[in-house]
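Asks: Going by my numbering, the first residue of the sequence shown is number 142, and it counts up by one from there.
Here a beta-carbon is modelled for each residue, glycine too, at the ideal position from N, C-alpha and C.
Just so it is clear, the structure is predicted and the values come from calculations on it, not from any experiment.
Here it is, the structure, as structure tokens.
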Amino acid sequence: MPVLLQTLGTWSRPTAFLERCRARYGARFTIRLLGQPPLVMISDPEEIKQIFLAPPEVLHPGEGARILEPIVGSHSVILLDEGPHLEQRKLMLPAFHGERMQRLSGLIGELTAGEVDSWPLDTPLELHPRLQRLTLEIILRAVFGLERGSRLDSLRELLTRILALSESPLSLLPPPPRLISRFTPMVRFEAMKAQVDELIYGLIEERRDEPSEGEDVLAMLLAATHEDGSPMSAQELRDELMTALVAGHETTASQLSWAFERIAREPRVQERLRAELDSASGDDYMTATINEILRRRPVLPNAEPRLVKEPVEIGGWRYPRGAALLANAYLLHHDPAIYPDPYAFRPERFLENPPGTYTWIPFGGGRRRCLGASFALLEMKIALRTVLDRYSLTPAHPRPERTRRRSITISPADGGRVLLHARSPGPAGADAAAERVASPA
Ligand code: HEM
142 MPVLLQTLGT WSRPTAFLER CRARYGARFT IRLLGQPPLV MISDPEEIKQ
192 IFLAPPEVLH PGEGARILEP IVGSHSVILL DEGPHLEQRK LMLPAFHGER
242 MQRLSGLIGE LTAGEVDSWP LDTPLELHPR LQRLTLEIIL RAVFGLERGS
292 RLDSLRELLT RILALSESPL SLLPPPPRLI SRFTPMVRFE AMKAQVDELI
342 YGLIEERRDE PSEGEDVLAM LLAATHEDGS PMSAQELRDE LMTALVAGHE
392 TTASQLSWAF ERIAREPRVQ ERLRAELDSA SGDDYMTATI NEILRRRPVL
442 PNAEPRLVKE PVEIGGWRYP RGAALLANAY LLHHDPAIYP DPYAFRPERF
492 LENPPGTYTW IPFGGGRRRC LGASFALLEM KIALRTVLDR YSLTPAHPRP
542 ERTRRRSITI SPADGGRVLL HARSPGPAGA DAAAERVASP A
């Protein structure tokens with residue numbers, strides 16, 4: 142198929158295009174997109190393991206993500222490889238550690254309740270823009286550590302506009318030459334980015350001068366030190382804050398939109414979730430449901446492309462320098478040999494078997510596994526609890542939503558359209574709900 146058609150297919154019908162290729166070529170095939178190296182799609186768990194465990198000098202995921210550089214900056218952990226990647230990742234890991242995240246539950250719960258309480262009842266509602274607003278607010282408050290005020294308002298407005306630009310299909314193409322870029326949205330992007338940088342550098346300077354005991358991610362990054370004892374530079378801090386924003390805002394919003402789109406169509410699952418919430422008997426079924434949402438609708442259909450730097454053999458095939466290897470979560474998660482009846486939404490499968498390291502990869506894997514996985518899971522758990530405590534959900538259309546590419550993610554085509562109906566908790570439910578607000582997620 143001509144490169145242009147492959148690019149259009151990947152853009153307009155991402156999952157259907159992958160499925161068609163698999164039906165025709167099997168578990169391993171190469172697609173070619175405009176301006177990109179050959180992309181080898183891999184969906185065999187053993188081969189995925191070899192990709193995730195390959196030595197850092199052989200496969201370079203950082204180099205494969207260069208397209209993000211204008212927004213995240215050259216120090217971003219996502220763009221680095223080998224030694225520099227490891228060093229930056231070590232600085233960031235404690236800030237994103239699961240236990241540390243739990244301390245943010247109160248703030249995330251409060252922001253989520255504020256958003257969810259404003260949603261209208263008994264009318265078709267597109268959830269995606271609302272969830273996008275929520276996940277942006279959570280990152281600005283819990284990661285950047287911003288307090289309510291004019292800086293938060295200005296950053297919120299500028300970042301919303303910058304992130305909207307990246308939803309265009311053009312944003313996936315390599316940047317045009319300078320002369321042409323003067324006539325594209327790049328000019329607006331550069332101007333807004335300069336204002337964002339000024340606000341973020343101002344914030345970093347202020348926080349350095351007045352060290353606080355804050356629970357936010359920036360507080361941890363300000364306290365982190367390189368091996369020689371030096372603190373992270375202002376540019377490193379700025380780049381990692383922007384990385385968290387780009388990697389963690391649209392992904393979580395789209396994943397939550399799928400969560401509600403799916404759950405609205407599954408009264409049985411809703412009932413079981415609600416029974417678990419009302420009886421305050423742990424959260425095994427909630428965890429299994431979230432695992433199933435991430436299996437069935439991974440918003441990033443593949444882990445970061447790994448650029449081959451030295452010829453490498455994987456699964457009996459030899460890949461030359463310059464190819465890019467992609468561990469494909471979407472195809473892996475829909476392999477009937479691993480997940481019987483793969484298109485059915487059945488959280489119970491994860492009650493029976495916990496997710497496997499190389500068979501469930503919505504967060505990628507190896508030394509590049511998503512740094513924000515605990516953060517995202519916490520946000521999802523709190524959002525689902527908050528909504529299910531208050532409402533029952535029904536779908537706005539009988540037909541499940543198709544997929545649509547939105548910036549780097551695959552999102553529900555209609556934005557997750559549902560109807561919310563008031564639900565009055567019985568006395569047991571009310572008690573349990575009050576208890577949950579008081580205790581961490
Ligand atoms: C449901 C939400 C999310 C999903 C599905 C997701 C998924 C992913 C995936 C697939 C990767 C690539 C891993 C690889 O190539 O092996 C990744 C990397 C990353 N994610 Fe997430 N992510 C989510 C939310 C977040 C959040 C909330 C943050 C931060 C606040 C975050 C920060 C990062 C960072 C920093 C990396 C780069 C790690 C590295 O290169 O070492 N992500 N994410």
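How long is the line joining the alpha carbons of I479 and T500, rounded to whole angstroms?
Replies: On the sequence shown, residue 479 is found 338 positions in, with the first residue counted as 1. On the sequence shown, residue 500 is found 359 positions in, with the first residue counted as 1. Approximately 7 Å between the Cα atoms of the pair.
Asks: Using 8 Å as the threshold, is the stretch 217-237 in touch with the stretch 549-558, meaning 3 or more CB pairs across them?
Replies: With the cut-off at 8 Å, the stretch 217-237 and the stretch 549-558 do not touch.
Asks: For L313 and S295, what's the separation of their Cα atoms in angstroms?
Replies: By 1-based counting over the sequence shown, the position of residue 313 is 172. By 1-based counting over the sequence shown, the position of residue 295 is 154. Since pLDDT at L313 reaches only 49, below the 50 mark, its modelled position is unreliable, and no value is offered.
Asks: Considering only C-alpha positions, which residue in the set P452, H238, L519 and P225 is nearest to I192?
Replies: Along the sequence shown, one-based indexing puts residue 192 at 51. Cα-wise, what sits closest to I192 is P452.
Asks: Roughly how many angstroms lie between the CA atoms of P261 and E204, to the nearest whole one?
Replies: What you label residue 261 is simply residue 120 of the sequence shown in a count that begins at 1. What you label residue 204 is simply residue 63 of the sequence shown in a count that begins at 1. Approximately 45 Å, taken between the alpha carbons.
Asks: To which residues of the same chain is I280 closer than 7 Å at the C-beta, ignoring the five residues directly before and after it?
Replies: Numbered from 1 along the sequence shown, position 139 holds the residue referred to as residue 280. Answer for I280: A385, L386, G389 and H390, listed in chain order.
Asks: Between C605 and the ligand HEM, is there a pair consisting of the residue's CB and a ligand heavy atom that are separated by less than 7 Å?
Replies: Outside the displayed range of the chain (142 to 582) lies residue 605, so it cannot be described from this structure.
Asks: Closer than 7 Å to a non-hydrogen atom of the ligand HEM - does that hold for the CB of L441?
Replies: Here residue 441 corresponds to residue number 300 of the sequence shown, with the count starting at 1. Correct: L441 has its Cβ closer than 7 Å to the ligand HEM.
Asks: Between which two residues does the alpha helix (DSSP H) harbouring V358 extend?
Replies: Within the sequence shown, numbered from 1, the residue matching residue 358 stands at position 217. It spans V358 to A364 - the alpha helix (DSSP H) in which V358 sits, taken as one unbroken run.
Asks: R510 by DSSP, collapsed to three states: which one?
Replies: Looking up residue 510 in the sequence shown gives position 369. R510: coil per DSSP, three-state reduction.
Asks: How many Å lie between I455 and R173 at the Cα?
Replies: Here residue 455 is taken as the residue at index 314 of the sequence shown, counted from 1. Here residue 173 is taken as the residue at index 32 of the sequence shown, counted from 1. Whole-angstrom Cα-Cα distance: 20 Å.
Asks: Do the stretch 173-191 and the stretch 462-476 touch if we need at least three Cβ pairs shorter than 8 Å?
Replies: Enough Cβ pairs lie closer than 8 Å, so yes.
Asks: Is it buried or exposed for T151, if we count other Cβ within 10 angstroms and need 16 for buried?
Replies: Residue mapping note: residue 151 aligns to position 10 of the sequence shown, counting from 1. When all chains shown are included, T151 counts as buried.
Asks: With distances taken from CA atoms, which of N443, T430 and K450 is nearest E402?
Replies: Taking the sequence shown and counting its residues from 1, the one referred to as residue 402 is at position 261. E402 has its Cα closest to that of T430, out of N443, T430 and K450.
Asks: Could you tell me if V144 is buried or exposed, where buried requires 16 or more neighbouring beta carbons within 10 angstroms of its beta carbon?
Replies: In the sequence shown, the residue the question calls residue 144 occupies position 3. Label assigned to V144: exposed.
Asks: Can you give, in chain order, each stretch of the alpha helix (DSSP H) that sits fully within the stretch 218-251 and has at least 4 residues?
Replies: Counting only runs of 4 or more, we get 223-233 and 239-243.
Asks: Would the beta-carbon of V449 be found less than 7 Å away from any heavy atom of the ligand HEM?
Replies: Residue numbering aside, residue 449 sits at position 308 when the sequence shown is read from its first letter. Because no heavy atom of the ligand HEM lies under 7 Å away, the Cβ of V449 does not count as near it: no.
Asks: Compare the C-alpha of M521 against each of S307, I404, E339 and L382 and name the closest.
Replies: Taking the sequence shown and counting its residues from 1, the one referred to as residue 521 is at position 380. Residue I404 is the option with its Cα nearest to M521.
Asks: Taking Cβ to Cβ, would you say T550 is nearer than 8 Å to S395?
Replies: By one-based count along the sequence shown, residue 550 stands at place 409. By one-based count along the sequence shown, residue 395 stands at place 254. Their beta carbons are under 8 Å apart, which means T550 touches S395 by this criterion.
Asks: At a threshold of 7 Å, does G286 count as lining the ligand HEM (C-beta to nearest heavy atom)?
Replies: Working through the sequence shown from its first residue, we reach residue 286 at position 145. Checking every heavy atom of the ligand HEM against the Cβ of G286, none is found closer than 7 Å.
Asks: Hey, is Q396 close to the ligand HEM, as in C-beta under 7 Å from one of its heavy atoms?
Replies: Locating residue 396 in the sequence shown gives position 255, counting from the first residue. Yes, the Cβ of Q396 comes within 7 Å of a heavy atom of the ligand HEM.
Asks: State yes or no: is the C-beta of A236 nearer than 7 Å to some heavy atom of the ligand HEM?
Replies: Working through the sequence shown from its first residue, we reach residue 236 at position 95. No, the ligand HEM has no heavy atom inside 7 Å of this Cβ.
Asks: Name the DSSP bridge partner or partners of N443?
Replies: On the sequence shown, residue 443 is found 302 positions in, with the first residue counted as 1. BP columns for N443 point to N469.
Asks: Would the beta-carbon of E445 be found less than 7 Å away from any heavy atom of the ligand HEM?
Replies: As a working note, residue 445 is residue 304 in the sequence shown. Yes - the ligand HEM has a heavy atom lying nearer than 7 Å to the Cβ of E445.
Asks: By Cβ distance below 7 Å, which residues in the same chain neighbour G239 in space, the five residues on each side in sequence not counted?
Replies: Translated into positions along the sequence shown, residue 239 becomes position 98. Within the same chain, G239 has close Cβ partners S515.
Asks: Would you mind giving the Cβ-Cβ distance between L362 and V337, rounded to the nearest angstrom? I have them listed as a contact below 8 Å.
Replies: The count along the sequence shown starts at 1 and reaches residue 362 at position 221. The count along the sequence shown starts at 1 and reaches residue 337 at position 196. Rounded, the Cβ-Cβ distance is 18 Å, inconsistent with contact.
Asks: Taking the C-alpha atoms as reference points, what is the distance between A195 and G507?
Replies: The residue you call residue 195 lines up with position 54 of the sequence shown. The residue you call residue 507 lines up with position 366 of the sequence shown. If you take the alpha carbons of A195 and G507, they lie about 9 Å apart.
Asks: If we count the other Cβ atoms within 10 Å of its Cβ and call it buried at 16 or more, is Q408 buried or exposed?
Replies: Taking the sequence shown and counting its residues from 1, the one referred to as residue 408 is at position 267. Gln is not the amino acid found at residue 408; the sequence shown has Pro there. Exposed is the call here.
Asks: Under a Cβ-count criterion, where at least 16 other Cβ atoms within 10 Å of its own Cβ denotes burial, should E130 be classed as buried or exposed?
Replies: Limits of the chain in this structure are 142 at one end and 582 at the other, which puts residue 130 out of reach.
Asks: Within a Cβ cutoff of 6 Å, which residues of the same chain sit near R379, ignoring the five residues on either side of it in sequence?
Replies: Position 238 of the sequence shown, counting from 1, holds the residue named residue 379. Result list for R379: I341, in chain order.
Asks: Mapping the DSSP letters down to three states, classify H269 as helix, strand or coil.
Replies: Along the sequence shown, read from residue 1 onward, the residue named residue 269 stands at position 128. H269: helix per DSSP, three-state reduction.
Asks: The ligand HEM heavy atoms versus the CB of F401: any closer than 7 Å?
Replies: Taking the sequence shown and counting its residues from 1, one reaches residue 401 at position 260. No.
Asks: Determine the direct distance from the alpha carbon of R349 to that of P372, and round the result to whole angstroms.
Replies: For this step, residue 372 is matched to residue 231 along the sequence shown. For this step, residue 349 is matched to residue 208 along the sequence shown. One C-alpha to the other measures close to 10 Å.
Asks: Report all residues from its chain with a CB closer than 8 Å to the CB of L234; omit the five preceding and five following residues, and keep chain order.
Replies: For this step, residue 234 is matched to residue 93 along the sequence shown. Around L234: L512.
Asks: Note down, in chain order, each residue of its chain lying with its Cβ closer than 6 Å to the Cβ of T171, except the 5 sequence neighbours on either side.
Replies: Counting from one through the sequence shown, the residue named residue 171 turns up at place 30. Excluding positions up to five away in sequence, the list reads P179 and V181.
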